[in-house]
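Numbering (the working numbering), first residue to last: 393 to 567. Even for Gly, the Cβ is constructed at its ideal location relative to N, Cα and C. Fair warning: this is a prediction, and the values are worked out from it, not measured in the lab.
In structure tokens:
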């Protein structure tokens, strides 16, 4: 285990040194390239702010209005039948929309049920095995001006469903 600790401590500095040396070897102005990349990064960050605010407001309205709670109560019998705790279902709804909101839900579930409970483990695995599909599509596609995202949305949502199902199956099997 000592080698793993040593490797984790040195991997980033080694990668940075390698990139700088490789850039120097290829006669690339590394500092100027870094500064130019920083400028582009700031421009992109500023351009996605309206999309971020829109997503956060929509999620806040969805949760505060009680619509999420009503949806959970409506599907509760089906959730119990398939073995999915109803407490975790809101995570499956919010996770494709916002990573921060989903992380807040996971934190709440762990605080209430404990990290070693079935719900705590399932929420943790669901958080790690899915992505923020709508967030990625809205923010990044919006930032570069892509209007039609049909296939990307379908594939992303199917990947999320697969991640949720895999999380439920694996956590049920392992714990």
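Membership of residue 425 in the alpha helix (DSSP H) is indicated by the continuous run 422-456. With fewer than 16 neighbouring CB atoms inside 10 Å of its own CB, residue 414 falls in the exposed class. Taking a contact to require three or more Cβ pairs closer than 8 angstroms, the stretch 528-547 and the stretch 436-448 qualify as touching.
Short of 7 angstroms from the beta carbon of residue 461, and not among the five residues preceding or following it, lies no beta carbon of its own chain. In the assembly as shown, residue 406 is an exposed residue. Its beta-carbon has fewer than 16 other beta-carbons within 10 Å. Burial is judged here by how many other beta carbons sit within 10 angstroms of a residue's own beta carbon; residue 488 has at least 16 and is buried.
Sixteen is the threshold: since fewer than 16 other Cβ atoms of the shown chains lie within 10 Å of the Cβ of residue 508, the residue is exposed. Rounded to whole angstroms, the separation of the alpha carbons of residue 542 and residue 535 is 17 angstroms.
For the pair residue 546 and residue 478, the Cα-to-Cα distance works out to about 25 angstroms. Note that the C-beta distance between residue 515 and residue 504 is not below 7 angstroms.
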